[in-house]
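Participant:
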Amino acid sequence: QVQLVESGGGLVQAGGSLRLSCVASGRTFNNYNMRWFRQAPGKDREFVAGINWNDDNTLYADSVKGRFTISRDKNTVYLQMNSLKPEDTAVYYCAARSLLTQYTYWGQGTQVTVSS
Numbered sequence: 063q064v065q066l067v068e069s070g071g072g073l074v075q076a077g078g079s080l081r082l083s084c085v086a087s088g089r090t091f092n093n094y095n096m097r098w099f100r101q102a103p104g105k106d107r108e109f110v111a112g113i114n115w116n117d118d119n120t121l122y123a124d125s126v127k128g129r130f131t132i133s134r135d136k137n138t139v140y141l142q143m144n145s146l147k148p149e150d151t152a153v154y155y156c157a158a159r160s161l162l163t164q165y166t167y168w169g170q171g172t173q174v175t176v177s178s
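Numbering (the working numbering), first residue to last: 63 to 178.
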């Protein structure tokens, strides 16, 4: 049974930093792209960052480039978030998307709140 368990969310002031973690278990994740998404109240879920399990290639949304860094260590995917802004406030979700089938597993989400 695949599990993606996020942690690290919380309340931070604008300009501060947080590091989110996503522990992946239940299968091997070769040929998967690990992703972070976020969803703010009243808005659609949006892509934040992604990293390939096999080669660690990364991709970022324009809104977070230069501020967020996605990385992977063994079975944990991290999202280092610096220079946080109030508009970064959202529930952040970890996802694992198969590069072969496009099936996506989702975590339960972790709340990030940035105060101004």
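Just so you know, even glycine gets a beta-carbon here, dropped at the ideal spot from N, CA and C.
Assuming V67 and G171 make a contact with CB atoms under 8 Å, what is their CB distance in whole Å?
Facilitator: Going by Cβ atoms, the distance from V67 to G171 rounds to 11 Å, so no, they are not a contact pair.
Participant: Contact defined as beta carbons within less than 8 Å: I believe L161 pairs with N93. What is the distance between those atoms, to the nearest angstrom?
Facilitator: A Cβ-Cβ separation of about 5 Å places L161 in contact with N93 under the 8 Å criterion.
Participant: If we call anything under 8 Å between Cβ atoms a contact, is V126 one with Y154?
Facilitator: no
Participant: Taking DSSP as the reference, what is the three-state secondary structure of D150?
Facilitator: Note: D150 maps to helix in three-state DSSP.
Participant: Is there a Cβ of chain D sitting closer than 8 Å to that of A123, yes or no?
Facilitator: The structure shown contains no chain D; it is built from a single protein chain.
Participant: When you compare only the Cα positions, how much space is there between K147 and G112?
Facilitator: The straight-line gap from Cα to Cα measures roughly 20 Å.
Participant: Helix, strand or coil: which one does DSSP assign to Y165?
Facilitator: coil
Participant: Which class does V67 belong to by DSSP, given the choice of helix, strand or coil?
Facilitator: Here V67 carries a strand assignment [DSSP, helix/strand/coil].
Participant: Rounded to a whole number of angstroms, what is the C-alpha to C-alpha distance between G70 and V64?
Facilitator: 20 Å
Participant: So, helix, strand or coil for T90, using DSSP?
Facilitator: Coil at T90, not helix or strand.
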